[in-house]
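Chemist: Can you read through this structure? Questions will come right after.
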Amino acid sequence: MATTCDIAMKQERSEEDGCAPVIAVNNLRKTFGSHMVLNGISLSVNRGETLAVLGRSGTGKSVLLRLIIGLETPDSGSVCIHGQNIVGLALDRMGEIRKKMGFLFQHAALYDSLTVAENVAFPLVHHRKDMSSSERSKRVKQLLAEVGMEGNLDTMPSDISGGMQKRVGLARALALEPEILLLDEPTAGLDPISSGEIDDLILKLQRERRMASIVVTHDLHSARTTANRLALLDKGNVVIEGTFKDLQQSDIGFVEDFLKLS
Amino acid sequence: MNTAASSAVGLVEGFFEWFGNLGIFFWQVLRAAVTPPYEWRELIHQLDEVGSKSFPVVVMAGSAIGVIISLEARYSLSRFGAKSMFPATLVYSVIQVMGPIITGLVVSGRVGAGISAELASMKVTEQIDAIEASAINPYRYLAATRILACILMLPLLTLISDGCGLLMGWFAQTLVEPLSFHQFIQDGFKGATFSTFLPQTFKTSVYGLIIGLIACFQGMRTRGGAEGVGRAATNSVVLASLFVILADVVLVKFILVVFP
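Chains A and B are the protein sequences, given in the same order.
Add 33 to a position in the first sequence, counting from 1, and you land on the number used in the numbering used here.
Add 96 to a position in the second sequence, counting from 1, and you land on the number used in the numbering used here.
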């Protein structure tokens with residue numbers, strides 16, 4: 034059974050082996066007003082690995098992702114992407130790092146004045162000026178086909194369901210072929226078949242592109258299917274981190290309750 | 097008494113905090129605007145949104161001002177036996193005073209509210225965060241383009257407003273006492289030079305800066321869902337209108353000093 038200390042030791046071993054983690058969060062603290070959300074979180078994710086972050090609602094899982102992509106600034110601690118601490122980085126410099134990251138928001142956050150195809154094309158229009166219009170169009174269709182939304186190119190986001198919006202959001206997150214993928218509740222609002230399809234896609238991406246991924250989810254089945262490791266948060270701390278078997282074998286009361294009720 | 101005093105102190109503190117945050121926002125937008133990559137496509141889109149879509153309301157406002165001044169001026173000038181001064185009175189009143197300020201206030205309502213509501217809606221639905229997560233600078237893509245569009249389009253809209261005001265003012269006068277348009281223009285612009293009217297028209301670029309800056313600032317820092325969006329739009333219009341009027345006071349004096 035792995036605890037937070039073991040994570041640090043694994044990180045040291047990785048660094049000694051020359052395989053530094055792609056994402057390394059160290060002693061991260063974040064408070065909103067008087068409400069402490071994260072109380073010294075430390076996690077790391079290597080290339081080709083998927084870490085699932087689980088916990089009760091309001092335990093800071095989404096905040097953790099927002100800190101990693103730099104949309105929030107921690108009160109203390111560091112967030113290292115490929116060994117570079119991104120905390121306090123200027124917006125334009127942070128932009129260079131974000132080009133290697135894909136982020137799926139909890140409610141998709143699609144641009145409501147653009148069509149589905151335009152939403153997916155948005156990062157390509159801005160960052161792939163080498164692409165011709167036809168190449169971009171082909172890439173957009175390919176991305177939407179991967180998430181099963183190829184028939185909705187000219188549809189507006191307001192005219193599709195929440196689950197379909199999430200799929201489009203995932204296609205947009207993959208547009209720049211990122212090395213890092215951050216997914217906030219990727220299967221929330223999806224039916225079981227669609228959830229399974231998204232899980233398969235995540236596994237396929239992990240296999241083919243060897244991305245470092247963090248998936249925030251309430252779906253324990255999805256976490257078991259897609260993640261190499263799981264981290265369970267409670268009251269701003271990592272209660273346990275390890276494989277699903279490690280969680281099952283844990284005698285920590287919160288972990289037992291969480292697994293029983295999931 | 098103590099409650100009233102502490103409320104007043106809180107109000108003053110809040111005002112200075114707002115002003116300070118606005119200054120920081122302006123600096124971030126300015127820095128983003130002058131560093132590449134430039135968002136030309138979005139700027140052109142915003143020029144269309146601010147300019148061509150404000151055209152109808154500016155035409156109506158300008159026309160109404162021209163008719164009002166025409167009616168009031170004819171009555172007042174007749175009382176003092178100065179009817180021959182009517183063309184010059186209308187021309188100077190519209191171009192130097194009413195045209196710029198009315199255009200500024202109308203655009204503040206139409207464009208300012210639209211920009212702040214749009215950006216506020218994007219803020220509460222995480223679309224601005226999504227733009228930032230896509231490695232696109234939101235200050236450059238959203239704010240700088242809109243502010244620059246307001247700065248560039250206000251003088252053009254003012255010219256349109258002035259033109260409609262003069263045309264409708266002449267038309268209102270002609271209905272009562274026929275006056276050829278040629279005579280009207282000749283008498284109205286007698287002795288005038290470009291420097292008589294150009295500074296008043298181009299001062300509206302400052303109005304555009306105020307409207308765009310306040311609208312973007314209010315929109316991009318919205319919190320609180322639908323209520324927050326409404327509050328952002330309302331505050332944007334009120335504050336932009338107020339600052340446009342205050343700016344006009346300063347700019348009128350400035351122009352009188354620089355262009356005597």
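Every residue, glycine too, gets a C-beta built ideally from N, C-alpha and C.
As the structure is a computational prediction, the values presented were derived from the model and not from experiment.
1) Could you check if D258(B) belongs to the surroundings of the ligand GTP, using beta carbon to heavy atom distance under 6 angstroms?
2) Against chain A, which members of the stretch 196–225 of chain B pass a CB distance test of less than 7 angstroms?
3) Would you say S230(B) lies against chain A (beta-carbon separation less than 7 angstroms)?
4) Whether or not the stretch 312–332 of chain B and the stretch 264–278 of chain B are in contact is what I'm after, with contact meaning three or more pairs of Cβ atoms, one per stretch, closer than 8 angstroms; do they touch?
5) Take V158(A) and list the residues in its own chain whose beta-carbon comes closer than 8 angstroms to its own, dropping the five residues that flank it on each side.
6) Could you pull out every residue in the same chain whose Cβ sits closer than 7 angstroms to the Cβ of T241(B), ignoring the five residues on either side in sequence?
7) If you count every other CB in all the chains shown that lies within 10 Å of the CB of L338(B), and 16 or more means buried, which is it?
8) Inspect the CB distances between the stretch 119–129 of chain A and the stretch 234–245 of chain A and report whether three or more fall short of 8 angstroms.
9) Please report the distance separating the alpha-carbon of I281(B) from that of P183(B).
10) When you check each C-beta in the stretch 129–141 of chain B against every C-beta of chain A, which residues fall closer than 9 angstroms?
11) Examine the Cβ distances between the stretch 202–215 of chain B and the stretch 95–107 of chain A and report whether three or more of them are shorter than 8 angstroms.
12) How would you list, in chain order, the residues of chain A whose beta-carbon sits under 9 angstroms from the beta-carbon of N233(B)?
13) Per DSSP, what kind of secondary structure is T258(A) in: helix, strand or coil?
14) Starting from V78(A) and walking both ways along the beta strand (DSSP E), at which residues does that stretch end?
15) Can you tell me the Cα-Cα spacing of R161(A) and L294(B), whole angstroms?
16) What would DSSP say about K219(B), mapped onto helix, strand or coil?
17) Considering Cα atoms alone, identify which of N60(A), L253(A), G135(A) is closest to R89(A).
18) Out of A128(B), T185(B), R175(B), N117(B), which has the shortest C-alpha to C-alpha gap to I232(B)?
19) Would you list the one or two residues that DSSP bridges to M134(A)?
20) Please go through the same chain and pick out, in chain order, the residues whose beta-carbon is closer than 7 angstroms to the beta-carbon of A142(A), but skip the five residues on each side of it.
21) Tell me, please, whether the stretch 193–202 of chain B touches the stretch 150–159 of chain B by the rule of three or more beta-carbon pairs shorter than 8 angstroms.
Modeler: In terms of the structure at hand:
1) The model on display carries no ligand, and the ligand GTP is accordingly not part of it.
2) T221, E222, Q223, D225
3) yes
4) no
5) R169
6) E135, E138, L139, Q142
7) Burial call: exposed.
8) no
9) 7 angstroms
10) T131, P133, E135, R137
11) no
12) L124, D125, G128
13) helix
14) 68–78
15) 43 angstroms
16) helix
17) L253(A)
18) Minimum Cα distance to I232(B) is reached at A128(B).
19) Beta-bridge pairing links M134(A) to I213(A).
20) G202
21) yes
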